[in-house]
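>
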Amino acid sequence: MSEFFKLLKGGNKPSLTAAIVNTIIAALKAGAFFITGNVAMFAEMMHSIGDAANQFFVFIGSALSKKAPTPRFPNGFGRLVNLVCLGAVLLVGILSYETIKEGWHHIQHPAASSGMAISLIVLGIGIILEFVVLYKAGKEILHDVSVKGSFLAPLTTSFAHLNRAKPATKLVFMEDLVATSGGILAFIAVLISHFTGFLQAEGIASIMIGLMMFYVVGKVFLDNARGALGETDEQMLVHIAHIISENPHVKDISELEVIKEGEFLHVKLVAEVDPSLSFAQVDDIHDVLKDLILNQQGVTDVTIAFDEDDGIKKWVHHKDPQTILKTHD
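The sequence shown begins at 1440 in my numbering and counts up one residue at a time.
(1) Using the beta-carbon count (16 or more within 10 Å), is Pro1606 buried or exposed?
(2) What does the Cβ neighbour count give for Arg1518, buried or exposed, with the cut at 16 atoms within 10 Å?
(3) From His1688, Pro1714, Asp1713, Asn1734, pick the residue whose C-alpha is nearest to that of Val1706; which is it?
(4) Would you identify the three-state DSSP class for Glu1541, choosing helix, strand or coil?
(5) What separation, rounded to the nearest whole angstrom, lies between the Cα atoms of Ala1783 and Ser1585?
(6) Which ranges would you report for the alpha helix (DSSP H) in the segment 1476–1531 if only whole runs of at least 4 residues count?
(7) Between the beta-carbon of Ser1501 and the beta-carbon of Gly1450, is there less than 8 Å?
(8) Please go through the same chain and pick out, in chain order, the residues whose beta-carbon is closer than 6 Å to the beta-carbon of Ile1488, but skip the five residues on each side of it.
(9) Can you list, in chain order, the stretches of the alpha helix (DSSP H) that have 4 or more residues and sit fully within the segment 1560–1595?
(10) If you drop the 5 nearest sequence neighbours on each side, which residues of the same chain put their C-beta closer than 7 Å to that of Thr1456?
(11) My assumption, with CB atoms under 8 Å, is that Val1712 sits in contact with His1688. Please give the rounded CB distance.
(12) Thinking just about the alpha-carbon of each residue, which of Ser1620, Arg1603, His1678, Tyr1536 is nearest to the one in Gly1563?
(13) Measure from the alpha carbon of Leu1530 to the alpha carbon of each residue in Asp1490, Phe1498, Ala1507, Ile1499, then state which is nearest.
(14) So the candidates are Glu1685, Leu1638, Ala1479; which of them puts its Cα closest to the Cα of Ile1648?
(15) Would you kindly check if the distance between the Cβ of Ala1469 and the Cβ of Met1484 is under 8 Å?
(16) Reducing DSSP to helix, strand and coil, say where Ile1692 ends up.
(17) Looking at Ala1664 and Ser1525, is the spacing between their C-beta atoms short of 8 Å?
(18) My parser needs the alpha helix (DSSP H) runs of 4 or more residues fully inside the segment 1593–1636; what are they?
(19) Lys1707 lies in the beta strand (DSSP E); which residues open and close that run?
(20) According to the neighbour-count rule (16 or more other Cβ atoms, all chains shown, within 10 Å of its Cβ), is Ala1644 buried or exposed?
(21) How should Pro1453 be labelled, buried or exposed, when 16 other C-beta atoms within 10 angstroms of its C-beta is the threshold for buried?
(22) What is the DSSP secondary structure of Lys1699, reduced to helix, strand or coil?
(23) Taking the alpha helix (DSSP H) that Glu1747 falls in, what are its first and last residues?
(24) If I measure Cβ to Cβ from Ala1492 and keep anything under 7 Å in the same chain, skipping five residues before and after, which residues do I get?
(25) For Pro1760 and His1681, I'd like the C-alpha separation in whole angstroms.
(26) Short of 7 Å in beta carbon distance, which residues of its chain neighbour Asp1691, apart from the five on each side in sequence? Order them along the chain.
(27) Is it buried or exposed for Leu1704, if we count other Cβ within 10 angstroms and need 16 for buried?
(28) Is it right to say Glu1700 is buried, meaning 16 or more other beta carbons lie within 10 angstroms of its own, or is it exposed?
(29) So is Lys1609 buried or exposed if we call it buried at 16+ other beta carbons inside 10 Å?
(30) Just the C-alpha distance for Leu1446 and Leu1503, rounded to the nearest angstrom, thanks.
(31) Keeping to the same chain, check which residues put their C-beta closer than 6 Å to that of His1548; ignore five residues upstream and five downstream.
(32) Between Asn1686 and the ligand NAD, is there a pair consisting of the residue's CB and a ligand heavy atom that are separated by less than 7 Å?
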């Protein structure tokens, strides 16, 4: 049990923050829904409940994925976070369906809701809190890829680097982006329903929120399915090939694999070197390359083998500076 709590300290902090915030928001929205009967509030309540539940699971999964390999599981637990994310989005998918169904029912059978002030206050609080979590997740994404930016960068630049974010952080960012947008939609729907008498606005907002939730389900499901299978990180592969090729002793690269498992990268390299080099010299080259690769962000395991140079260049890698990542010293 002590090991479990020790692992929790290394869990994904944005997902824990988001889980706590969404639990508070879900409680507020649940209270407001039971008081007012507002359908748009129901959609937001379901959304926040789903977000809170799966973000707690994702936090625990991200922590357990850092568990050291065991004799029974020699490859470690890196893919566990992908499996947890897959389970988490299934829960969101169920709640998305319920949200859309309730919205459709309200469109067919519109009914006036009460307590507009309560709904707007709760939705306003929810929007602000979700926005804060979204901003923090954006900052974490930029930190993951070692990118610095302006005050607005977590809300702008982070989108360009979303594919390189940790699975848990990416899930939090996408869910809170939808949550913030959904809160604004619900806020507008309540105003339209109250001041124009167009009661179906709340049902339409509920369906739109449910559809946005389904988009997150599909996107996160596909991303984590690839991660659970063990996906090649193309951008990091190009980057590592580039820095290895700069070593004067490496004549060619016979084989290079960069496999992403959860938050971690596993690298396998077969490099060609001058056959006249001594064992001691090759061993020194091995140590230099291993240290260099391990210093790249996310790399946790490196396997290096050598072959004699056959004089034929077989490896071709891109030299476009936009595909070369910043070296982490």
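Each residue gets a CB set at the ideal place from its N, CA and C atoms; glycine is no exception.
Keep in mind the model is a prediction, meaning the values are calculated, not measured.
This is what the structure holds:
(1) What you label residue 1606 is simply residue 167 of the sequence shown in a count that begins at 1. With 16 or more Cβ atoms within 10 Å of its Cβ, Pro1606 is classed as buried.
(2) Here the question's residue 1518 lines up with position 79 in the sequence shown. With 16 or more Cβ atoms within 10 Å of its Cβ, Arg1518 is classed as buried.
(3) By one-based count along the sequence shown, residue 1706 stands at place 267. The residue with the shortest Cα to Cα distance from Val1706 is Asn1734.
(4) The residue you call residue 1541 lines up with position 102 of the sequence shown. The answer is helix: DSSP assigns Glu1541 an H, G or I state.
(5) Only positions 1440 to 1768 of the chain appear in this structure, which leaves residue 1783 out of reach.
(6) 1478–1503
(7) Counted from its first residue, the sequence shown places residue 1501 at position 62. Counted from its first residue, the sequence shown places residue 1450 at position 11. Yes, the pair counts as a contact, with Cβ atoms nearer than the cut-off.
(8) Along the sequence shown, one-based indexing puts residue 1488 at 49. Cβ within range, chain order: Ala1465.
(9) Counting only runs of 4+ residues, no alpha helix (DSSP H) is found wholly inside the segment 1560–1595.
(10) Counting from one through the sequence shown, the residue named residue 1456 turns up at place 17. Excluding sequence neighbours, Thr1456 sits near Val1572, Lys1575.
(11) Within the sequence shown, the letter at position 273 stands for residue 1712. Within the sequence shown, the letter at position 249 stands for residue 1688. Confirmed, Cβ separation roughly 6 Å.
(12) Numbered from its first residue, the sequence shown carries residue 1563 at position 124. For Gly1563, the nearest C-alpha among the options comes from Ser1620.
(13) Along the sequence shown, read from residue 1 onward, the residue named residue 1530 stands at position 91. Nearest option by C-alpha distance: Asp1490.
(14) The residue you call residue 1648 lines up with position 209 of the sequence shown. Comparing Cα-Cα distances from Ile1648 to each of Glu1685, Leu1638, Ala1479, the minimum goes to Ala1479.
(15) Working through the sequence shown from its first residue, we reach residue 1484 at position 45. Working through the sequence shown from its first residue, we reach residue 1469 at position 30. Yes, the pair counts as a contact, with Cβ atoms nearer than the cut-off.
(16) Here residue 1692 is taken as the residue at index 253 of the sequence shown, counted from 1. Strand.
(17) Along the sequence shown, one-based indexing puts residue 1525 at 86. Along the sequence shown, one-based indexing puts residue 1664 at 225. Note on residue identity: the sequence assigns Leu, not Ser, to residue 1525. A contact, by the Cβ cut-off of 8 Å.
(18) 1606–1635
(19) To locate residue 1707, count along the sequence shown from 1; it is residue 268. Where Lys1707 is concerned, the enclosing beta strand (DSSP E) stretches over 1703–1712.
(20) Along the sequence shown, one-based indexing puts residue 1644 at 205. Classification of Ala1644: buried, given that the 10 Å Cβ count is 16 or more.
(21) Stepping through the sequence shown from its first residue, residue 1453 is reached at position 14. The residue is buried, with at least 16 neighbouring Cβ atoms inside 10 Å.
(22) What you label residue 1699 is simply residue 260 of the sequence shown in a count that begins at 1. When secondary structure is reduced to three states using DSSP, Lys1699 falls in the strand class.
(23) As a position in the sequence shown, residue 1747 is number 308, starting the count at 1. Glu1747 -> not in any alpha helix (DSSP H); beta strand (DSSP E) instead, spanning 1738–1747.
(24) One-based indexing of the sequence shown puts residue 1492 at position 53. Leu1530.
(25) Looking up residue 1760 in the sequence shown gives position 321. Looking up residue 1681 in the sequence shown gives position 242. Unreliable positioning characterises Pro1760 in this predicted model, as indicated by a pLDDT of 41, which lies under 50. The coordinate reading is nonetheless provided below. C-alpha separation (whole angstroms): 10 Å.
(26) Reading the sequence shown from its first residue, position 252 is the one you call residue 1691. Around Asp1691: Glu1711, Asp1748, Lys1752, Lys1753, Trp1754.
(27) Here residue 1704 refers to the residue found at position 265 when the sequence shown is read from its first residue. Burial call: buried.
(28) Counting from 1 along the sequence shown, the entry for residue 1700 is found at position 261. Glu1700 is buried by the Cβ-count criterion.
(29) On the sequence shown, position 170 is the one that residue 1609 refers to. The residue is buried, with at least 16 neighbouring Cβ atoms inside 10 Å.
(30) Numbered from its first residue, the sequence shown carries residue 1446 at position 7. Numbered from its first residue, the sequence shown carries residue 1503 at position 64. Whole-angstrom Cα-Cα distance: 6 Å.
(31) Numbered from its first residue, the sequence shown carries residue 1548 at position 109. Same-chain partners within the cutoff: there are none.
(32) Only the bare structure without any ligand can be found here, which leaves the ligand NAD out of the picture.
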